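Participant: Residue numbers (our numbering): 5 to 560.
Cβ atoms here follow ideal geometry from the backbone N, Cα and C, with glycine treated the same way.
All values derive from a computational prediction rather than experimental measurement.
Can you keep this structure in mind? I'll have questions shortly.
Next comes the structure, spelled out in structure tokens:
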């Protein structure tokens with residue numbers, strides 16, 4: 005057995021620490037707000053297109069070989085400088101995984117899987133050469149943009165076959181340019197040169213100097229390196245004008261986007277289901293019991309329970325009041341007191357009659373109608389989060405409108421940062437909440453409706469009085485174990501008088517809250533429960549990129 009000297013061991017440890025440091029810097033840059041979406045890039049530009057999985061790519065490239073071996077080379081600091089100078093580029097990867105195909109005991113070809121930056125995002129692809137350094141095959145494995153994907157086509161890539169380092173490999177000379185995909189074509193040319201140079205220097209040239217430029221990683225070192233490569237992925241989708249944003253840490257880009265797509269499907273399914281059943285229920289339940297789906301029935305049962313806990317401060321039958329005040333149409337109007345008295349008879353959670361035997365709902369008053377407000381969005385977030393939890397991706401934050409829920413903090417962080425919006429200055433954050441394993445809900449009206457008869461009103465209605473709620477409160481932010489419960493607590497606190505706050509701790513023992521109030525001289529005052537104030541830091545914050553414009557911005 006070969007025994008390494010102390011000097012060699014120390015040098016290898018030093019190089020490995022440098023590599024890990026580089027990966028940690030990359031992770032930190034992602035955790036500070038970087039994602040697969042670049043700042044200023046249109047959201048629709050990012051389009052993940054997987055053409056070949058690694059196993060498929062290797063099978064294609066090494067057709068005819070009896071065996072395929074692999075090894076990972078890590079460049080030393082001297083090696084990185086050498087290749088940057090050789091390729092005339094400012095940076096280069098710290099490691100390369102090289103695959104070696106053999107026929108019998110004879111090496112037949114080499115291949116590398118690498119990435120090269122396109123216009124906004126990296127292109128992942130594989131290239132193979134024979135033992136003379138000539139390109140045998142090249143294929144794009146993953147393309148990530150909505151434009152320029154022509155470089156993945158066989159017709160374009162075939163022109164690289166048979167070329168080697170003696171060829172120009174330039175769009176001005178031997179490579180045909182593609183109109184509208186110039187940047188992607190240039191990226192492929194740069195990547196081909198990089199991979200050819202690397203194979204030549206370490207496998208074909210047999211230069212003794214190459215031993216100082218890189219070293220082979222052990223399986224343990226490769227495993228450690230891959231763990232340090234975890235990234236924070238993010239994507240977004242809009243439903244009826246409301247943005248949903250998903251961010252999660254993971255090793256696999258494809259796994260994240262598959263789960264994110266399932267998340268969006270789940271949100272859309274829940275929205276459609278509840279919209280359809282509530283519309284039908286509100287039409288007939290005052291006349292005849294309405295048969296709900298089991299899912300809707302269980303949510304309505306919880307809503308009835310919330311009504312009991314809050315003594316009617318949260319009430320799903322507030323719909324007639326919202327309609328009379330013109331909130332559904334977005335145009336506030338004054339409602340006379342005598343009219344309110346009649347409407348209030350229809351507004352009570354007690355008017356909702358629940359039959360557990362056959363999942364039927366009926367209304368005790370002819371004008372009673374149900375609106376679930378924040379409940380549906382909170383419930384959708386909670387259900388969507390389970391998809392990630394069950395998949396094993398557990399460093400997650402999902403935002404939908406003015407509600408969020410997160411699981412576990414991103415690597416290297418203690419919590420997720422949740423932005424508290426300024427009451428009047430749009431896109432300005434006046435404070436930060438650091439939260440983990442919580443649901444968060446914002447309830448309020450930062451921009452008040454135009455005055456009606458010299459009065460400004462909020463859009464939330466007190467179901468007990470029939471009058472707009474809030475007083476000097478601009479917003480309530482509540483935290484609870486689930487997003488659904490957070491929405492209930494925030495609504496309860498917004499509607500209730502200050503004296504009723506102690507009931508939160510009694511009825512929702514795991515909840516915490518923060519109230520943003522508008523005081524004289526237009527000053528903003530923050531007050532909250534002890535647990536919430538410990539996690540809150542007042543002050544303008546501009547580093548939020550996720551969820552901007554969604555009502556609840558957040559960052560790692």
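Could you tell me if residue 4 is buried or exposed, where buried requires 16 or more neighbouring beta carbons within 10 angstroms of its beta carbon?
Facilitator: Look at the range of the chain in this structure, 5 to 560, and you will see that residue 4 is not part of it.
Participant: From the DSSP output, which residues share a beta bridge with residue 367?
Facilitator: As a first step, residue 367 is located in the chain shown; it is residue number 363 there, counting from the start. BP columns for residue 367 point to 356.
Participant: What is the DSSP secondary structure of residue 184, counted as helix, strand or coil?
Facilitator: Here residue 184 is taken as the residue at index 180 of the chain shown, counted from 1. Note: residue 184 maps to coil in three-state DSSP.
Participant: Using three-state DSSP, classify residue 228 as helix, strand or coil.
Facilitator: One-based indexing of the chain shown puts residue 228 at position 224. The answer is helix: DSSP assigns residue 228 an H, G or I state.
Participant: Express the C-alpha separation of residue 286 and residue 407 in angstroms, rounding to a whole number.
Facilitator: On the chain shown, residue 407 is found 403 positions in, with the first residue counted as 1. On the chain shown, residue 286 is found 282 positions in, with the first residue counted as 1. Looking at the two C-alpha atoms, the distance is approximately 26 Å.
Participant: With 16 as the cutoff for other CB atoms within 10 Å, does residue 152 come out buried or exposed?
Facilitator: If you number the chain shown from 1, residue 152 lands on position 148. Burial call: buried.
Participant: Could you name the residues of the same chain whose beta carbon sits closer than 7 Å to that of residue 316, not counting the 5 residues immediately before and after it, in chain order?
Facilitator: On the chain shown, residue 316 is found 312 positions in, with the first residue counted as 1. Excluding positions up to five away in sequence, the list reads 352, 353, 467 and 468.
Participant: Whole angstroms is fine: what's the gap from residue 250's alpha carbon to residue 378's?
Facilitator: To locate residue 250, count along the chain shown from 1; it is residue 246. To locate residue 378, count along the chain shown from 1; it is residue 374. Rounded to the nearest angstrom, the two C-alpha atoms are 18 Å apart.
Participant: Residue 253 and residue 236 look like a contact to me (Cβ under 8 Å); what is the Cβ gap, rounded to whole Å?
Facilitator: To locate residue 253, count along the chain shown from 1; it is residue 249. To locate residue 236, count along the chain shown from 1; it is residue 232. So it is a contact: roughly 5 Å between Cβ atoms.
Participant: Please determine, among 296, 292, 148 and 91, the residue with the shortest C-alpha to C-alpha distance to residue 282.
Facilitator: Locating residue 282 in the chain shown gives position 278, where the first residue counts as 1. For residue 282, the nearest C-alpha among the options comes from 296.
Participant: Starting from residue 316, follow the beta strand (DSSP E) in both directions and report where the run begins and ends.
Facilitator: As a position in the chain shown, residue 316 is number 312, starting the count at 1. First-last for residue 316: undefined, no H or E at that position.
Participant: Along the chain, where does the alpha helix (DSSP H) containing residue 297 start, and where does it finish?
Facilitator: Residue 297 sits at position 293 when you count from the first residue of the chain shown. That residue, residue 297, is in no alpha helix (DSSP H); it is neither H nor E in DSSP.
Participant: Just to confirm the assignment, what range does the alpha helix (DSSP H) spanning residue 326 have?
Facilitator: In the chain shown, the residue the question calls residue 326 occupies position 322. Note, residue 326: alpha helix (DSSP H), 323-328.
Participant: Could you name each continuous alpha helix (DSSP H) segment of 4 residues or more that falls completely within the stretch 149-176, going from the start of the chain to the end?
Facilitator: List check, alpha helix (DSSP H) in window: 158-161.
Participant: Any idea which residues DSSP pairs residue 403 with across the strands?
Facilitator: Locating residue 403 in the chain shown gives position 399, where the first residue counts as 1. Looking at the DSSP assignment, residue 403 forms a beta bridge with 249 and 408.
Participant: If you check the beta carbons only, do residue 434 and residue 479 fall under 8 Å apart?
Facilitator: The residue given as residue 434 occupies position 430 in the chain shown. The residue given as residue 479 occupies position 475 in the chain shown. Contact flag unset, no.
Participant: Look at the alpha carbon of residue 446 and the alpha carbon of residue 84, and state the distance between them as a whole number of angstroms.
Facilitator: For this step, residue 446 is matched to residue 442 along the chain shown. For this step, residue 84 is matched to residue 80 along the chain shown. Computed Cα separation, rounded: 49 Å.
Participant: Contact between the stretch 180-196 and the stretch 115-123: three or more CB pairs below 8 Å?
Facilitator: Yes, they touch.
Participant: Fully enclosed by the stretch 500-536, which beta strand (DSSP E) runs are 3 residues long or longer?
Facilitator: List check, beta strand (DSSP E) in window: 516-523 and 527-532.
Participant: Are there 16 or more other CB atoms within 10 angstroms of the CB of residue 92, so buried, or fewer, so exposed?
Facilitator: As a working note, residue 92 is residue 88 in the chain shown. Its Cβ having fewer than 16 others within 10 Å, residue 92 is exposed.
Participant: Excluding the 5 residues flanking residue 201 on each side, which residues of the same chain have their C-beta closer than 8 Å to its C-beta?
Facilitator: Here residue 201 refers to the residue found at position 197 of the chain shown. 87, 90, 91 and 169, listed in sequence order.
Participant: Quick check on residue 302: buried or exposed, where buried means 16 or more other Cβ atoms within 10 Å of its Cβ?
Facilitator: One-based indexing of the chain shown puts residue 302 at position 298. Residue 302 is exposed by the Cβ-count criterion.
Participant: Under the rule that 16 or more other beta-carbon atoms within 10 Å means buried, what is residue 149, buried or exposed?
Facilitator: Taking the chain shown and counting its residues from 1, the one referred to as residue 149 is at position 145. Flag for residue 149 reads buried.
Participant: According to DSSP, is residue 4 helix, strand or coil?
Facilitator: Nothing about residue 4 can be reported from this structure: the residues present for the chain run from 5 to 560 only.
Participant: Nearest CA to the CA of residue 73: which residue from 492, 54, 110 and 189?
Facilitator: Within the chain shown, numbered from 1, the residue matching residue 73 stands at position 69. Among 492, 54, 110 and 189, the Cα nearest to that of residue 73 belongs to 110.
Participant: Would a C-beta distance cut-off of 8 Å place residue 259 and residue 146 closer than the cut-off?
Facilitator: Numbered from its first residue, the chain shown carries residue 259 at position 255. Numbered from its first residue, the chain shown carries residue 146 at position 142. No, these two residues do not count as a Cβ contact at 8 Å.
Participant: Output the distance between the C-alpha atoms of residue 419 and residue 104, rounded to the nearest integer angstrom.
Facilitator: Here the question's residue 419 lines up with position 415 in the chain shown. Here the question's residue 104 lines up with position 100 in the chain shown. About 44 Å.
Participant: Considering residue 389, what are the terminal residues of the alpha helix (DSSP H) in which it resides?
Facilitator: Here residue 389 corresponds to residue number 385 of the chain shown, with the count starting at 1. Looking at the DSSP string, the run of the alpha helix (DSSP H) that includes residue 389 is 378-395.
Participant: In three-state terms, what does DSSP make of residue 469?
Facilitator: Residue 469 sits at position 465 when you count from the first residue of the chain shown. It is coil, neither helix nor strand.
Participant: Less than 8 Å between the beta carbons of residue 127 and residue 188, yes or no?
Facilitator: Reading the chain shown from its first residue, position 123 is the one you call residue 127. Reading the chain shown from its first residue, position 184 is the one you call residue 188. Result yes, Cβ atoms of residue 127 and residue 188 sit closer than 8 Å.
Participant: From residue 510 to residue 328, what distance separates their C-alpha atoms?
Facilitator: As a first step, residue 510 is located in the chain shown; it is residue number 506 there, counting from the start. As a first step, residue 328 is located in the chain shown; it is residue number 324 there, counting from the start. Roughly 34 Å separates the two Cα atoms.
Participant: Mapping DSSP to helix, strand and coil, what is residue 217?
Facilitator: Looking up residue 217 in the chain shown gives position 213. It is coil, neither helix nor strand.
Participant: What is the DSSP secondary structure of residue 56, reduced to helix, strand or coil?
Facilitator: As a working mapping, residue 56 is identified with position 52 in the chain shown. Of the three classes helix, strand and coil, the one that applies to residue 56 here is coil, per DSSP.
Participant: According to DSSP, is residue 438 helix, strand or coil?
Facilitator: As a working note, residue 438 is residue 434 in the chain shown. Of the three classes helix, strand and coil, the one that applies to residue 438 here is strand, per DSSP.
Participant: Helix or strand or just coil, what does DSSP make of residue 256?
Facilitator: Counted from its first residue, the chain shown places residue 256 at position 252. The answer is coil: DSSP assigns residue 256 none of H, G, I, E or B.
Participant: Determine the burial state of residue 566: buried for a count of at least 16 other Cβ atoms within 10 Å of its Cβ, exposed for fewer.
Facilitator: This structure does not reach residue 566, given that the chain is present from 5 up to 560, and the question cannot be answered.
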